[in-house]
Amino acid sequence: MRDDYLIKFMTRDGALRGTAALVTGTLRELARRHDLSPTPAVALGRALAGCACLAGLLKDDQVIALKFEGNGPLRRIMVEGEHGGALRGAVGDPHAEPPPVAGRLDVAAALGTDGTLTVTKDLGLKTPYTGTVALDTAEIGEDLAWYLADSEQIPSAVSVGVGVDATGITAAGGFILQAMPPVDEALIDEVMGHLRVIPPLSGLLAAGETPEMLAARILADHPYEILEIRPLFFSCTCDRDRIERVLLSLGVDGLRRLAAGNEPTEVICEFCRERYAFTPGELAVLVAQGEPPLE
Numbered sequence: 457m458r459d460d461y462l463i464k465f466m467t468r469d470g471a472l473r474g475t476a477a478l479v480t481g482t483l484r485e486l487a488r489r490h491d492l493s494p495t496p497a498v499a500l501g502r503a504l505a506g507c508a509c510l511a512g513l514l515k516d517d518q519v520i521a522l523k524f525e526g527n528g529p530l531r532r533i534m535v536e537g538e539h540g541g542a543l544r545g546a547v548g549d550p551h552a553e554p555p556p557v558a559g560r561l562d563v564a565a566a567l568g569t570d571g572t573l574t575v576t577k578d579l580g581l582k583t584p585y586t587g588t589v590a591l592d593t594a595e596i597g598e599d600l601a602w603y604l605a606d607s608e609q610i611p612s613a614v615s616v617g618v619g620v621d622a623t624g625i626t627a628a629g630g631f632i633l634q635a636m637p638p639v640d641e642a643l644i645d646e647v648m649g650h651l652r653v654i655p656p657l658s659g660l661l662a663a664g665e666t667p668e669m670l671a672a673r674i675l676a677d678h679p680y681e682i683l684e685i686r687p688l689f690f691s692c693t694c695d696r697d698r699i700e701r702v703l704l705s706l707g708v709d710g711l712r713r714l715a716a717g718n719e720p721t722e723v724i725c726e727f728c729r730e731r732y733a734f735t736p737g738e739l740a741v742l743v744a745q746g747e748p749p750l751e
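Going by this note's numbering, the sequence shown opens with residue 457, and the numbers climb by one from there.
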């Protein structure tokens, strides 16, 4: 299996820039950890690929998080990506499986078309940047393109795809192509016309197309350079200290109720499904930490 990785590229005239990513291994790891059914796996894979491509446009130590929330049985998709290549993600219901449409898994029905996409960027400033748009189609790629055009005013083409068969996930990845200012409308029309005739991305990836091959395909006759290649991988930021802070956020009364039980309290990380157990005695220590100081 090919390792996951991302490339960042730009045309030599500076008019177009983009990223292309392969996230097959990361998605397989998340599917294993979350016991994903096929449609949730495809939905998460599309969001993961889009997040990886957006993270590829960030600077050092910056992080981006995407949250898709809809009125379908899947309920939500959450993914995070770091500039350094770390990725993680989760869905609301890992077994949401609406009926296929014309033989295709129905991601839009699983997520639900009435909802929002929220993008949060930690750029190292005092307050993270957050933007929210209504879902466009709930097919993930179109929603990301709509967000970039509406909230960031960057004309962008976004394509994400996941291939699945009877054996499981065959491939997952995507690309983002953006027009840089000053925007050339004629160039945008030319590029969009070219992208419309490109074969489905999931099939290209399943057939072995690499990020480099995708860049060559989508840029066609526009000379370009690959600016960066970086690995992508699953990584979660949870640890026991972070989970303790989550428990402390419940408040002293909530912790007291947990500590009063006879059995350990188990907390499961939403992203990686790692389990953290706290005995009543350990919870009592947290209660003491949460108590206001005596005057």
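A virtual CB, placed ideally from N, CA and C, is assigned to each residue, including glycine. It should be emphasised that the depicted structure is a prediction, and the values quoted were computed from it without experimental measurement.
Residues sharing a beta bridge with residue i, DSSP
{"i": "residue 615", "result": "631"}
{"i": "residue 687", "result": "461"}
{"i": "residue 473", "result": "466 and 634"}
{"i": "residue 577", "result": "520 and 585"}
{"i": "residue 621", "result": "624"}
{"i": "residue 590", "result": "572"}
{"i": "residue 721", "result": "734"}
{"i": "residue 478", "result": "461 and 629"}
Inter-residue CB distance, residue i and residue j (contact presumed, cutoff 8 Å)
{"i": "residue 631", "j": "residue 670", "result": "5 Å"}
{"i": "residue 554", "j": "residue 566", "result": "5 Å"}
{"i": "residue 576", "j": "residue 586", "result": "5 Å"}
{"i": "residue 594", "j": "residue 563", "result": "7 Å"}
{"i": "residue 478", "j": "residue 635", "result": "At roughly 24 Å, the Cβ-Cβ gap does not stay under 8 Å, so residue 478 and residue 635 are not in contact."}
{"i": "residue 673", "j": "residue 489", "result": "Not really, about 32 Å apart at Cβ, beyond 8 Å."}
Residues of its chain near residue i, where Cβ-Cβ distance is below 8 Å and the 5 sequence neighbours each way are ignored
{"i": "residue 491", "result": "550 and 551"}
{"i": "residue 750", "result": "Its pLDDT being 45, under 50, residue 750 is placed unreliably in this model, and the coordinates cannot settle the point."}
{"i": "residue 625", "result": "480, 483, 484, 487, 497, 501, 618 and 619"}
{"i": "residue 457", "result": "For residue 457, the predicted structure reports a pLDDT of 47, less than 50, and the residue's modelled location is therefore unreliable. A value from the coordinates is still provided. So the qualifying residues of the chain are 480 and 481."}
{"i": "residue 717", "result": "736"}
Close Cβ partners of residue i (< 7 Å) along its chain, the five nearest in sequence each way excluded
{"i": "residue 606", "result": "589"}
{"i": "residue 467", "result": "675, 678, 679 and 680"}
{"i": "residue 514", "result": "520 and 539"}
{"i": "residue 735", "result": "720"}
{"i": "residue 548", "result": "530, 531 and 532"}
{"i": "residue 601", "result": "612, 613 and 614"}
{"i": "residue 742", "result": "700, 703, 704 and 711"}
{"i": "residue 760", "result": "A question about residue 760 goes unanswered here, because the residues of the chain that appear run from 457 up to 751."}
{"i": "residue 505", "result": "477, 479, 616, 628, 629 and 630"}
{"i": "residue 685", "result": "461 and 463"}
Contacts around residue i, its chain only, beta-carbon distance under 6 Å, and the 5 residues preceding and following it disregarded
{"i": "residue 687", "result": "461 and 541"}
{"i": "residue 723", "result": "699 and 732"}
{"i": "residue 622", "result": "none"}
{"i": "residue 568", "result": "526, 527 and 528"}
{"i": "residue 570", "result": "527"}
{"i": "residue 598", "result": "592"}
### Query
For the stretch 540-572, which segments carrying the alpha helix (DSSP H) assignment without a break, of at least 4 residues, lie completely within its bounds, in sequence order?
Taking only runs of at least 4 residues, the alpha helix (DSSP H) segments lying wholly in the stretch 540-572 are 563-567.
### Task
With a floor of 3 residues, list each beta strand (DSSP E) that falls wholly inside the stretch 646-694, ordered by position along the chain.
List check, beta strand (DSSP E) in window: 680-687.
#### Entry: beta strand (DSSP E) runs contained entirely in the stretch 482-541, provided each spans 3 or more residues
Runs of beta strand (DSSP E) with 3 or more residues, each lying fully within the stretch 482-541, are found at 519-525 and 532-538, listed in chain order.
### Query
Are at least three pairs of beta-carbons, each pair with one atom in the stretch 656-665 and one in the stretch 611-619, less than 8 Å apart?
The stretch 656-665, when compared against the stretch 611-619, does touch it at the 8 Å Cβ threshold.
### Query
On the three-pair Cβ rule with 8 Å, is the stretch 525-538 touching the stretch 631-644?
They do not touch, by the three-pair rule.
### Query
Between the stretch 636-654 and the stretch 483-501, do three or more beta carbon pairs fall short of 8 Å?
The stretch 636-654 makes no contact with the stretch 483-501; the number of CB pairs closer than 8 Å stays below 3.
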